[in-house]
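Q: Below are the structure tokens for one structure; questions will follow.
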């Protein structure tokens with residue numbers, strides 16, 4: 042039970058309560074504090090820092106490789122696919138316009154889609170579609186998005202010498218980005234409550250969020266920004282966790298690889314972090330097994346990550362694996378990527394299911410969620 046002192050201060054009634062302290066939650070508070078500067082805003086986060094993927098992702102500033110975009114066009118059609126790309130691109134611009142790029146280690150390195158040596162036909166087929174992709178993306182990016190790069194061999198990988206380069210993509214440090222946003226929010230008076238896990242929500246007459254100890258946190262309105270953990274709170278929603286596993290090498294002297302890279306429709310993704318290489322992905326090898334919010338890595342995915350790293354990406358390098366970790370993304374039951382931004386009631390807004398593009402999508406998803414508040 043809370044003390045009188047706690048109940049009358051840190052746990053007292055607020056105007057806007059945001060459940061989830063990851064990028065979507067932080068940016069919901071960012072937009073809310075701009076739109077409603079006099080309202081009392083509180084973020085409740087279950088962990089000491091964001092629990093899902095915001096500080097556990099790969100640090101890509103990307104909006105879609107050619108093969109991913111083309112596959113999405115076949116599944117979702119042109120209108121929905123372009124809408125998502127526009128939101129991702131605009132989300133990345135938001136960071137660059139609101140924060141000093143150097144302060145979150147942003148580097149416009151370019152992003153490559155590479156192809157294994159056996160994928161000549163795959164590359165050729167996609168190369169035939171490049172003009173079309175650039176045409177439909179031009180109104181969004183304002184420039185030619187993709188170009189053929191015939192010098193991929195300079196990176197030292199055992200892959201086709203031809204690749205596709207997107208010069209509008211880059212790298213960032215996701216944890217530094219979260220810290221920057223939090224600092225800006227604290228300066229605006231936004232309150233942070235960490236170490237509190239919400240397990241139930243009631244909405245009449247105002248929002249009541251009940252935590253694991255039975256304490257009731259109340260607010261006039263609430264944003265649920267829990268992405269891959271949403272199923273635990275709103276089990277009826279078509280939002281499922283998707284574990285994303287990552288490993289990182291020791292420092293590699295004379296590392297040639299620099300930039301961000303995608304392989305096999307984006308299911309494998311890697312980049313340099315200084316003289317280290319970070320590689321993630323493999324969820325498609327065990328879709329149901331990776332439909333979990335468990336942050337423990339699995340032997341099946343990690344062994345395949347390491348195999349690709351040693352055989353294809355760094356075949357001539359000697360290194361150790363210094364880090365292995367996992368974060369939680371969110372998709373629909375059929376791998377839907379379109380975010381769920383919905384008023385579940387007059388005072389309860391859902392902002393989740395960012396489809397593996399949380400860094401890029403979060404600013405726009407958060408903005409759209411706040412627009413639903415009166």
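In my numbering, the protein residues as written are 42 to 415.
Cβ atoms here follow ideal geometry from the backbone N, Cα and C, with glycine treated the same way.
Quick caveat: nothing in here was measured; it's all calculated off a predicted structure.
What beta strand (DSSP E) runs, 3 residues minimum, are completely inside the stretch 198–263?
A: As far as the stretch 198–263 is concerned, its whole beta strand (DSSP E) runs of at least 3 residues are 204–207, 232–235, 239–243, 248–252.
Q: What's the gap between the Cα of residue 47 and the Cα of residue 115?
A: If you take the alpha carbons of residue 47 and residue 115, they lie about 54 angstroms apart.
Q: Flag residue 69 as yes when its Cβ comes closer than 6 angstroms to any non-hydrogen atom of the ligand ATP, and as no otherwise.
A: Although the ligand ATP was asked about, the structure shown includes no ligands whatsoever.
Q: Among residues of its own chain, excluding the 5 on either side of residue 208, which ones have a beta-carbon nearer than 6 angstroms to its beta-carbon?
A: If we look at residue 208 and ignore the five residues flanking it on each side, its Cβ neighbours are 151.
Q: Go to residue 416, then tell me how far its alpha helix (DSSP H) extends in each direction, as first and last residue.
A: Since the first residue of the chain shown is 42 and the last is 415, residue 416 is not available in this structure.
Q: Less than 7 angstroms between the beta carbons of residue 382 and residue 392, yes or no?
A: Contact flag set, yes.
Q: Which of the three DSSP states, helix, strand or coil, is assigned to residue 280?
A: Of the three classes helix, strand and coil, the one that applies to residue 280 here is coil, per DSSP.
Q: Quick one: which unbroken beta strand (DSSP E) runs of 3-plus residues sit fully inside the stretch 380–413? Chain order, please.
A: You should have 381–386, 389–393.
Q: May I ask you to report which of helix, strand or coil DSSP gives residue 320?
A: Strand.
Q: Look at the alpha carbon of residue 265 and the alpha carbon of residue 215, and state the distance between them as a whole number of angstroms.
A: If I take the Cα positions, the gap works out to 21 angstroms.
Q: Taking the beta carbon of residue 326 as the centre, do at least 16 other beta carbons fall within 10 Å, making it buried, or is it exposed?
A: By the 10 Å Cβ count, residue 326 comes out exposed.
Q: May I ask which residues mark the beginning and end of the alpha helix (DSSP H) holding residue 71?
A: 64–76 is the extent of the alpha helix (DSSP H) around residue 71.
Q: Name the residue from 339, 91, 190, 239 whose alpha carbon lies nearest to the alpha carbon of residue 399.
A: For residue 399, the nearest C-alpha among the options comes from 91.
Q: Please identify the residue among 412, 349, 104, 271 whose C-alpha is closest to the C-alpha of residue 369.
A: For the residues 412, 349, 104, 271, the minimum Cα distance to residue 369 belongs to 271.
Q: How big is the Cα-Cα spacing for residue 118 and residue 283?
A: Using only the alpha carbons, I get a separation of about 24 angstroms.
Q: Mind checking who residue 155 pairs with in its DSSP beta bridge?
A: According to DSSP, residue 155 bridges with 304.
Q: Should residue 98 go down as buried or exposed, given a rule of 16 or more other Cβ atoms within 10 Å for buried?
A: Buried, because 16 or more other Cβ atoms sit within 10 Å of the Cβ of residue 98.
Q: Whole angstroms are fine: how far does the CA of residue 160 sit from the CA of residue 96?
A: Going by the C-alpha atoms only, they are around 33 angstroms apart.
Q: Compare the C-alpha of residue 259 against each of 240, 317, 56 and name the closest.
A: It is 56.
Q: Following the continuous alpha helix (DSSP H) through residue 117, name the residue where it begins and the one where it ends.
A: Residue 117 -> alpha helix (DSSP H) spans 107–139.
Q: Residues in the same chain with beta-carbon distance under 7 angstroms from residue 405, minus the five sequence neighbours each way, listed in chain order, please.
A: Within the same chain, residue 405 has close Cβ partners 128, 131, 132.
Q: Should the stretch 308–319 be called in touch with the stretch 284–299, which here means at least 3 C-beta pairs below 8 angstroms?
A: The answer is yes - the stretch 284–299 touches the stretch 308–319, with three or more Cβ pairs under 8 angstroms.
Q: Only counting the same chain, and skipping five residues up and downstream in sequence, which positions put a Cβ closer than 6 angstroms to that of residue 410?
A: Cβ within range, chain order: 69, 264, 382, 390, 392.
Q: Buried or exposed: residue 107, going by 16 or more other Cβ atoms within 10 Å of its Cβ?
A: The residue in question, residue 107, is buried, as its Cβ has 16 or more Cβ neighbours within 10 Å.
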